[in-house]
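S.K.:
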Amino acid sequence: MTIQEIQEEIIDEFSLFDDWMQRYEYMIELGKSLPLIEEQYKTDDNLIKGCQSKVWVHAELDGDKLVFTADSDAIITKGIIAILIRAFSNQKPQDIIDADTSYIDEIGLKEHLSPTRANGLVSMVKQLKLYAVAYQTQLN
1 MTIQEIQEEI
11 IDEFSLFDDW
21 MQRYEYMIEL
31 GKSLPLIEEQ
41 YKTDDNLIKG
51 CQSKVWVHAE
61 LDGDKLVFTA
71 DSDAIITKGI
81 IAILIRAFSN
91 QKPQDIIDAD
101 TSYIDEIGLK
111 EHLSPTRANG
121 LVSMVKQLKL
131 YAVAYQTQLN
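The sequence shown begins at 1 in the numbering used here and counts up by one.
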């Protein structure tokens, strides 16, 4: 699936819920299915700066696709990074760089987060795209 197809699938899933409590519960469930980062990668280098909670992200190339793993010490944050990784993992770095992230706004995520969590979300997107830039440079 393309990034856009996955994003549309996420939008459809979130539209099934009537209120934000149900959406939060769904995000927590998504966080439980997150491809977890190996302990050896839970280092300061892999911590996302700008997050209130601790969020570790690791990326590596598998062929020409970037694979992300992550973890967080907070359940909502774990759900947020799971939504991002679901869209971006197993995709080509250039596709990640070019990807539109408006699906985050379409599901209403930013407006239902505290200001510090919303800043953390922006930091997570930025970090995933930076990984893509770094790996795309290696592929060139």
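Virtual Cβ for every residue (Gly too), placed ideally from N, Cα, C.
Keep in mind it's a predicted model, so treat the numbers as computed, not measured.
Cβ atoms of residue 65 and residue 92: under 8 Å apart, would you say?
M.R.: Position 92 of the sequence shown, counted from the start, is the residue given in the question as residue 92. Position 65 of the sequence shown, counted from the start, is the residue given in the question as residue 65. A contact, by the Cβ cut-off of 8 Å.
S.K.: In angstroms with no decimal places, state the Cα-to-Cα distance between residue 33 and residue 89.
M.R.: Mapped onto the sequence shown, residue 33 falls at position 33. Mapped onto the sequence shown, residue 89 falls at position 89. C-alpha separation (whole angstroms): 14 Å.
S.K.: Could you check whether residue 28 and residue 124 sit closer than 8 Å to each other, using their CB atoms as the reference points?
M.R.: Here residue 124 corresponds to residue number 124 of the sequence shown, with the count starting at 1. Here residue 28 corresponds to residue number 28 of the sequence shown, with the count starting at 1. Cβ distance not < 8 Å, so residue 124 and residue 28 don't count as in contact.
S.K.: Is the number of C-beta pairs between the segment 38–48 and the segment 56–76 that are closer than 8 Å three or more?
M.R.: Contact holds: three or more Cβ-Cβ distances are below 8 Å.
S.K.: I need the boundaries of the alpha helix (DSSP H) containing residue 99, first residue and last residue.
M.R.: Indexing the sequence shown from 1 puts residue 99 at position 99. Premise fails: residue 99 is in no alpha helix (DSSP H) and is neither H nor E.
S.K.: Just confirm the distance between the C-beta atoms of residue 80 and residue 121, as a whole number of angstroms; I'd bet it's less than 8 Å.
M.R.: Position 80 of the sequence shown, counted from the start, is the residue given in the question as residue 80. Position 121 of the sequence shown, counted from the start, is the residue given in the question as residue 121. About 6 Å separates the two Cβ atoms, so the contact holds.
S.K.: At the level of alpha carbons, what is the spacing between residue 94 and residue 116?
M.R.: In the sequence shown, the residue the question calls residue 94 occupies position 94. In the sequence shown, the residue the question calls residue 116 occupies position 116. When rounded, the distance between both Cα atoms is 29 Å.
S.K.: Buried or exposed, going by whether 16 or more other CB atoms sit within 10 Å of the CB of residue 109?
M.R.: The count along the sequence shown starts at 1 and reaches residue 109 at position 109. By the 10 Å Cβ count, residue 109 comes out buried.
S.K.: Within 10 Å of its beta-carbon, does residue 31 have 16 or more other beta-carbons around it, so buried, or fewer, so exposed?
M.R.: Locating residue 31 in the sequence shown gives position 31, where the first residue counts as 1. Buried is the call here.
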